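Be aware that the sequence shown starts at 0, since it is given in numbering that gives the first Met the number 0, and climbs by one per residue. Ideal Cβ placement from N, Cα and C applies to all residues, glycine included. Just so it is clear, the structure is predicted and the values come from calculations on it, not from any experiment. What follows is a set of notes on a single structure, which appears directly below.
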Amino acid sequence: MHLSPENPIGVFDSGVGGLTVVRALMERLPFENILYFGDTARVPYGVKSVETIAHYTTQISQFLLERRVKLLIIACNTMAAVSAQVVRDLSPVPVLDVIEAGAITALNASSTKRIGVIGTPTTINSNAYGRAIHHHSQDARITSQACALFVPLVEEGWLEHPVTRLTAQEYLRPVVAEKVDTLVLGCTHYPLLKPLLQDVAGPGIALVDSAEAMADQTAHLLSELTLHNVSRLAPEYHFFVTDVPLRFQTIGERFLGRSLSNVHVVKW
Ligand code: DGL
């Protein structure tokens, strides 16, 4: 397959959350065209079975590949945790996923190699972060915690709400007790809770935002493959969703930190 630098980067997620990755990409790589796919009709994935997630992931990857993306980015931690290999097996273009990016960044940030990971139940049960971190450093000690309530709280916009703070205190207590010095925000939604989580975790714990790590890794890969878009025209951004786009648009603007246009509904 011939890859051209003007071709877009394909980014996908179970819904709106992957826009945290798009935001980081827009900031880091301001001339890249981006196609984003958010499966808003079937979100959340974080509580679904591995088989179901693999099936949805295949459909989405094929959709983006038909639109000639030069690179696929799995922005959803849950999809990356249980079906990254499915995407790699079917894709003729390079595939990046947030878990590998987050794992490497966590190891670079940690001096004690005591690392905490928080994510959806499916991500945590898969132990994908544990495997990715141990692949690079066998003596790392990992403490994981599923935080099922964070996704709905973020979608509700309760980024600083007392309920969210109490929930975070509850979830983080056992992680902090393990004396981790680094905490991986292993879910698309968690970067929006960064100030609150930092406050609850305390200043001695470095938070790893996998969206930023992903943007760095993408920049690095594009340089390696000489696939940076050299055009200095304003890039094109298109957003594909599977449900009526109203909610995606409203919440999406919060995730993206700017207004959102070119939203298209995909009917499957
Ligand atoms: N995008 C998912 C993740 O990063 C969170 C939302 C969901 O459960 O689908 O794990």
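Indicate, with yes or no, if the ligand DGL has a heavy atom lying under 7 Å from the CB of residue i.
i, result
"Asn124", "no"
"His54", "no"
Alpha carbon to alpha carbon, what distance is there between residue j and residue i?
i, j, result
"Ser260", "Asp12", "18 Å"
"Gly256", "Arg22", "7 Å"
"Tyr170", "Ala233", "42 Å"
"Thr39", "Ile59", "12 Å"
"Val116", "His54", "26 Å"
"Gly45", "Asn228", "34 Å"
"Leu245", "Pro43", "17 Å"
"Asn126", "Gly101", "14 Å"
"Gly14", "Val49", "17 Å"
"Ser143", "Ser230", "43 Å"
"Pro173", "Gly118", "14 Å"
"Pro161", "Asn6", "44 Å"
"Phe36", "Asp198", "32 Å"
"Ser222", "Arg27", "13 Å"
"Ser3", "Gln168", "47 Å"
"Pro120", "Ala205", "22 Å"
"Val150", "Glu235", "29 Å"
"Glu159", "Pro29", "30 Å"
"Gly156", "Ser258", "17 Å"
"Lys47", "Met78", "10 Å"
"Val264", "Val243", "7 Å"
"Leu226", "His133", "31 Å"
"Ile141", "Ile52", "25 Å"
"Arg253", "His188", "11 Å"
Between the Cα of residue i and the Cα atoms of the options, which residue gives the shortest distance?
i, options, result
"Lys266", "Arg253, Val240, Ser90 and Ala53", "Val240"
"Ala145", "Gly185, Ile250, His160 and Pro43", "Gly185"
"Asn76", "Glu65, Gln61, Leu89 and Leu95", "Leu95"
"Val20", "Gly251, His263, Val264 and Ile52", "Gly251"
"Glu65", "Gly9, Gly37, Ala102 and Leu165", "Gly9"
"Val97", "Leu2, Met213 and Pro91", "Met213"
"Asp88", "Ala131, Leu71, Leu158 and Glu99", "Leu71"
"Glu177", "Pro190, Ala139, Val162 and Ala147", "Ala139"
"Asp180", "Gln216, Leu24 and Lys112", "Lys112"
"Leu165", "Asp208, Glu154 and Leu148", "Leu148"
"His135", "Thr121, Asn107, Glu235 and Thr122", "Asn107"
"Gln61", "Thr122, Ser90, Leu196 and Asp242", "Ser90"
"Ser109", "Leu182, Phe254 and Met25", "Leu182"
"Ala105", "Thr225, Arg67 and Glu211", "Glu211"
"Ile103", "Ser209, Arg253 and Gln248", "Ser209"
"Gly201", "Glu154, Val262 and Val175", "Val175"
"Leu195", "Gly129, Leu220, Ala218 and Val153", "Val153"
"Arg1", "Asp215, Pro93 and Met25", "Note that residue 1 corresponds to His in the displayed sequence, not to Arg. Ranking Asp215, Pro93 and Met25 by Cα distance to His1 puts Pro93 first."
Does any CB atom of chain B fall closer than 8 Å to the CB of residue i?
i, result
"Leu24", "In summary, chain B is missing from the structure at hand, where a single protein chain is found."
Who does residue i pair with in a DSSP beta bridge?
i, result
"Ser143", "Val116"
"Gly101", "Gly101 pairs with nothing; no bridge assigned."
"Ala205", "Thr181"
"Leu95", "Ile72"
"Gly37", "Asp12 and Val240"
"Val262", "Phe238"
Which residues have their C-beta within less than 7 Å of a heavy atom of the ligand DGL, listed in chain order?
Asp12, Ser13, Gly14, Gly16, Gly17, Val42, Pro43, Tyr44, Gly45, Val46, Cys75, Asn76, Thr77, Gly118, Thr119, Thr122, Val150, Cys186, Thr187 and His188
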